[in-house]
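Protein chains in written order, with my numbering: chain Z, 62 to 753; chain S, 1279 to 1571.
Taking it in order: structure first as C-alpha cells, then the write-up.
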C-alpha cells in the first residue's frame, strides 16, 4: 500500500531573537528535526527552515503520514533455560508459550516473540517530536521567562502546527505545571492587531507575506537590495555593498522598508571610517557612494514599518536627529584631536597604564621600537630610524578623545594623525594595519612595515602578560592572548618565511629572552597556536603532529616547516615512502615494548652475529652522520634512497634475524640497534604519528 | 497638539503602570548608578513575594559621564523610570508598547525596534537577557529579563523596563540638546522651566567635583568603612540585611567617584568591583535565607 504524504508547517513565535541567534536556531532546528524524523522512521522529501526576528518556521515537505507497521523479533531465553524464565518472557510480551517461536542463532537455540508494532500517525507523533526538539536545543545563550523552566533565545509565546489543512492540537511542557498549547493561528507584523490563520502549509509563506512578515531571510535581503538600488538610481549614486550589514539588518526587520535620510554637510568632512562606524556599527545604516567613490551625504535606514508617507517622514526625521547628535560628538572630538601634535600625545601616553606591573603605554612603545629594529632585517628593512619611530608612535592615538569614544578606531585614527604630521604613506598604512589580522578575519597588513608592527605588537603583548604569570588557562583567556597568538602566527606564516619561533623570541628584551622558563612557555604556546592554525588551514592532524611535535620545531624557519609539510605529502604519495613508514612503525613498536633505555653507544659490533645486522648497522652510521648536517625532512633523491635502502635492509633483517635471541646480550644489542635507527629517523619526523 | 513636558511624561507613565497593578514607589534616598540598585528591584526580585510589581522614578549618578554641562547629550545626574514585574507577564511587550502610546509614541507611527542587548551588572552580580529599544534609531529603553541577581537565580523570572527619561523627552519634544527639555510645560513668563534652568549649573559643579575636587583619601577611607560596616551588620546574630545593603550601595557610588577621579588602575578596578559584588552577594544570600523561614 502506498503511504499518503502530507505537508507540515510548525511556527515558533517568540519575542525578537537576536540576528546571529536566528541563524544558529535555523541550523539547530534543521539538525534536530532531521535526526528525530529519522529515528521515528518517517521518510520525507525535505525540511526547510525559515526565520525572522519573531518567527522560526519548520516546513516539512511531503512526509509520510503514517509510520510503516513493524514486525520485530524479540529475543528471549535459550530453549534450555528454566521454565520460569521462559514463562516470564512470554508474560512480559503479553503472549503465551505456544505462540513463541524457536530459532537457531550462533549461540544456540532461543525463544523468539514476533512483536507487531502498529505504525502511528504523523499527526500523533508530531507533538512529541516538537517537545523533544524544544528540550534538545543546545543554546549558546538562552533564558527563562515567567514560570518557565524551558529555555529559549527570547520568550517563546506561541506555537502553531499545521498538517495539510488541519491544525494539530497539542502542547509542549515548559515547566512542572505550565504548557504552551498549540494555537490554530499565529501572529503577523506587530502593526497588525489581528491574528493570522493559515489555510495550508503551502500557503504559509504567502499568507505571512500578506500579514507583512517575510519569513524567508533571502526574500528580505532581496527586498532590501532592490529598494536600495532603486533609491541609489534615483539619487544617481552607487550602493556601497556591505554583506555583513545586510545579513545583520535582515535579522532585525520582518518587513523591510528602506528610507533615505540626509547628512548635514558639515559632518561630511569626517573621515570615512568615522562616518562608517557611527552609521554602520551603531545605527545599522547603509551608505551610498558618488562616482569618485566618496561617501555621499545620505544614509539608508531599513525601517520595519510598511510604507506610508507620513510615518516614513517621521522615521527619517527621528533617525536624522540621532545621527546628527552622534556625528556632532564625533566631529567635536575629531577637531579637538587634530589640533594636537605628536609630542602632546607622547606626553599623554606616559600617564596611561598599559596594565599594572607592565608599565605605561610610552614604555610599551619603546619596547616595540626595539623589537622592530631587531626583526626589520627579516623583511629586508634596515632603516633603524624608521623602525624605531614606527614603534615609538604606534600607540599615540590611544590617548586621543576619539579613540576613547570609539575604541574600534585605534590605528585608523593614528593613520590620520600621521598624515596630518607629514608621515609617508607606508608608515600611515603600517599604523593602521598593526592590529591586523583580527581573529578569523584574514585581512593582512598591506605592507612590510605593517607586518613588522603587527608582529612586534603581538609578541610584546604575549611576552608581557606571560612575564607576570597571566597566561590563558583552560577556557579562561581574559586578555585574548590566544587571539594575539593566532594573529602573530598568521603574519609569520604568510609574510615572514625566514623567521622561526626561536628567532622571534630572541628579539625580545634580554630580561625576557634569558628567562628559560618564560621562553619555554611562550615557545610552547606559539607552537600550539601554529598547530591550530594549520589544522584550520586544512592539514590532517596526524601529518601535522608528525612535523610540529618535533623537538626542534621552534628552531625551524617557517620556510622549512612549509617544505617539510610538502615533502611529507609527497612521501606519503610514493610507494617506497608508504613502505618506509610501515617498516618504521614496526621497529617503533618493538622498541616501545622493550622498555630499554636507548643507548647508541651501547651497540657493540662484536655482538653482531648475522650479516643483516652488520648491514643495518652500517646504514645507521651513515644516517647519523648525515643527520648531524641536516635533519630536515625532504623529498629529494638522497632521502628517497635512504628510505629505499632502509626498506630492503630492514626487511632482510626481519626475515633472517630473530630479535628475541636467547642470549640476552645479543638480544639487547639488537634492540639497541633498532632503537638508534628509530631515534635517527624520529629526528627528521615523528613518523609514528602518521596514520596510514 | 502641545508636546508633553518632562513631568507630564513621568506622570503619564506612573499613571499607566499604576493602572497595570504596579505599586508606585518613590526614588531610593541614596546615590545609585541605576534604578536596579533600588532594593525594591535588587532585593525584592529574590523574594518573598511571588507577585511583585512596582514602578518608580530613580535619579541616577554616573560621575564619569559628567561633561561640565557642555555636552548636549551627557549628564552625570539623570532620571530613569523603572518598572519591575515578577513574574514577567506573557503580554509584557504589548504593555510596554501601550505605555509608549500614552506618551505619544505610537508604534504604528514610529519604527520601534528591539535590538539585542544582554545586560550585566558586575557589582550586583546580576545577569539578564533582553534588548535596548530603539525608537526611530534612538535608544529609549532597556528591557531585561532578570536571570540572576547576587549570583542567585531569579525565579520566577522578573522583567525590568528602564526608560531613559531625558532621551524620551528629547525625542518627544524633538530636541538636540538635553538642556532645552521643557520641564513643566509652562510659558517662560509664567514660571516655565527647562532642564537647563534646573540642572545645568549643577552639572557643571558636580563635574568639577567628580573629576577634580572629590577628596580621594577621604573616599578611600569611606569605602573601607562601608565594607567593614556591611560585614559587621551581616555578622550580627540577627543580620540587618537592608542596612547592610545600603552600605553596598554607598560603596558602589564611592567606587564610581574614585573611578572618575582617575585613581583606580585597571587591575585595581577588578578588585574593587569584586569587593562590592561580594557585599551584595552576601546581602542577597542573607535576604533569601531570611525570607525562606
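In this text, a Cβ means the ideal position worked out from N, Cα and C, and glycines have one as well.
Note that the structure is predicted; figures quoted are calculated from it, not measured.
Using DSSP with H/G/I as helix, E/B as strand and the rest coil, what is residue i?
i	result
residue 676 of chain Z	helix
residue 541 of chain Z	coil
residue 665 of chain Z	coil
residue 1330 of chain S	strand
residue 1409 of chain S	strand
residue 1561 of chain S	helix
residue 498 of chain Z	coil
residue 696 of chain Z	coil
residue 489 of chain Z	helix
residue 138 of chain Z	strand
residue 436 of chain Z	helix
residue 1569 of chain S	helix
residue 413 of chain Z	coil
residue 1304 of chain S	coil
residue 262 of chain Z	helix
residue 611 of chain Z	coil
residue 641 of chain Z	helix
residue 554 of chain Z	helix
residue 72 of chain Z	strand
residue 82 of chain Z	helix
residue 1424 of chain S	strand
residue 1492 of chain S	coil
Please work out which residues of its chain come closer than 8 Å, Cβ to Cβ, to residue i, disregarding the five sequence neighbours upstream and downstream, and give them in chain order.
i	result
residue 1481 of chain S	1344, 1345, 1346, 1347, 1353, 1354, 1355
residue 1485 of chain S	1344, 1345, 1346, 1347, 1354
residue 579 of chain Z	524, 527, 528, 573
residue 178 of chain Z	130, 131, 132, 133
Might you give, ordered along the chain, the residues of its own chain that have their beta carbon closer than 7 Å to the beta carbon of residue i, omitting 5 neighbours on each side?
i	result
residue 632 of chain Z	638, 696
residue 1301 of chain S	1331, 1332
residue 66 of chain Z	123, 124, 125, 126
residue 1461 of chain S	1283, 1284, 1285, 1471, 1472, 1473, 1476
Taking 6 Å as the limit between beta carbons, can you name the residues of its chain near residue i, skipping five residues before and five after?
i	result
residue 445 of chain Z	434
residue 170 of chain Z	140, 163
Would you please verify whether the beta carbon of residue i is less than 9 Å from any beta carbon of chain Z?
i	result
residue 1452 of chain S	yes
residue 1407 of chain S	yes
residue 1347 of chain S	no
residue 1387 of chain S	yes
residue 1427 of chain S	no
residue 1375 of chain S	yes
residue 1539 of chain S	no
residue 1391 of chain S	yes
residue 1556 of chain S	no
Going by alpha carbons, who is nearest to residue i out of the options?
i	options	result
residue 506 of chain Z	Z/671, Z/472, Z/527	Z/472
residue 76 of chain Z	S/1393, S/1476, S/1479, S/1418	S/1393
residue 424 of chain Z	Z/623, Z/456, Z/63	Z/456
residue 414 of chain Z	S/1559, S/1433, S/1284, S/1540	S/1540
residue 437 of chain Z	Z/655, Z/565, Z/722, Z/479	Z/565
residue 689 of chain Z	Z/520, Z/262, Z/571, Z/742	Z/742
residue 624 of chain Z	Z/519, Z/97, Z/563, Z/746	Z/746
residue 90 of chain Z	Z/111, Z/79, Z/102	Z/111
residue 498 of chain Z	Z/158, Z/575, Z/546, Z/717	Z/546
Using a Cβ cut-off of 9 Å (strictly closer), state whether residue i contacts chain S.
i	result
residue 533 of chain Z	no
residue 204 of chain Z	yes
residue 390 of chain Z	yes
residue 113 of chain Z	no
Does the stretch 583-597 of chain Z come within contact of the stretch 548-559 of chain Z, defined as at least 3 CB pairs closer than 8 Å? yes
Do the stretch 1396-1409 of chain S and the stretch 1551-1560 of chain S meet, that is, are 3 or more Cβ pairs less than 8 Å apart? yes
If we count Cβ pairs, one from each stretch, closer than 8 Å, do we get three or more for the stretch 509-528 of chain Z versus the stretch 418-431 of chain Z? yes
Stretch pair the stretch 1297-1314 of chain S + the stretch 1489-1500 of chain S: three plus CB contacts closer than 8 Å: no
Under 8 Å: do the stretch 339-350 of chain Z and the stretch 258-268 of chain Z share three or more Cβ pairs, one atom per stretch? no
Check whether the stretch 90-109 of chain Z touches the stretch 143-157 of chain Z, taking contact to mean three or more Cβ pairs, one atom from each stretch, closer than 8 Å. no
Would you call the stretch 502-522 of chain Z and the stretch 478-492 of chain Z in contact, with 3 or more CB pairs under 8 Å? yes
With three or more beta-carbon pairs closer than 8 Å as the criterion, would you say the stretch 358-370 of chain Z touches the stretch 322-338 of chain Z? yes
I want to know whether the stretch 373-380 of chain Z touches the stretch 1406-1419 of chain S - three or more CB-CB distances under 8 Å. yes
Below 8 Å, how does it come out for the stretch 390-405 of chain Z and the stretch 1451-1465 of chain S: are there three or more Cβ pairs, yes or no? no
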